[in-house]
DNA sequence: TTGACATGCAAGCAGCCACTTGCATATAGT
DNA sequence: ACTATATGCAAGTGGCTGCTTGCATGTCAA
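This is how it looks when you write it as structure tokens:
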């Protein structure tokens, strides 16, 4: 299992999570387009692909293949570790 | 305000947060000692100091000065942003 | 099969980041 | 004042990381 916190450290990766939160099951190209139009991020397809690998390693993104398409879904479960590790004092 | 996520990205900084969670109001030297004994981290005082700066920039650590001592307190409030940004699909 | 589409792999490079090193400042005790 | 204690500042360095580049693999439609 990859490093959850390192995965969250990059702003582009956080933007990807934002996109997947709005609509699950997006493909790599869809994410590229929406990152440009919605976030003004001009990243290459390969860059996004590598970011998705990191997010998947961290368990934040799950993928399902269908033919030549690969759909990406958000999984927020790993984020619970953060809230559990440093709970709010009350 | 510094980058919350970048502050969490470093394992030594997370260990500092763990220490402060156990006991608030620790000083720089106390943290150095406890990081070595509790976490096996052999970092220099200056390294820890720089980490504390990053944590304070991110709002995760608040400091109060008293004479030549500087006490550090944990503030978990910024962590709420994470849970709010990618909420669990209950 | 041919071509277009969608993704994967890997090497190279530039910028950043954590760490060290050395010196400086400030406070408290004697 | 002098010393020890506690922290602060700043330059230099090695390694990691995000990005690009180029090519390869795999899938679908005609």
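Chains as they are written, first to last, in the working numbering: chain A, 1 to 90; chain B, 101 to 190.
The C-beta atom is built at its ideal place from N, Cα and C for all residues, glycine as well.
A direct Cα-Cα distance of roughly 16 Å separates residue 120(B) from residue 157(B). Between residue 102(B) and residue 161(B), the C-beta gap is not smaller than 8 Å, which leaves the two residues out of contact.
Fewer than three beta-carbon pairs drawn from the segment 115-135 of chain B and the segment 178-187 of chain B are found closer than 8 Å, and the two stretches are therefore not classed as touching.
If you draw a straight line from the Cα of residue 115(B) to the Cα of residue 136(B), it is about 10 Å long. Identification of chain B residues near residue 82(A) by a Cβ-Cβ cut-off of 9 Å yields 108, 179, 182, 183, ordered along the chain.
In the three-state reduction of the DSSP assignment, residue 173(B) falls in the strand class.
Residue 17(A) has a beta carbon lying within less than 8 Å of a beta carbon in chain B. Residue 33(A) and residue 41(A) have their alpha carbons spaced roughly 9 Å apart.
With at least 16 other beta carbons inside 10 angstroms of its own, residue 13(A) counts as buried.
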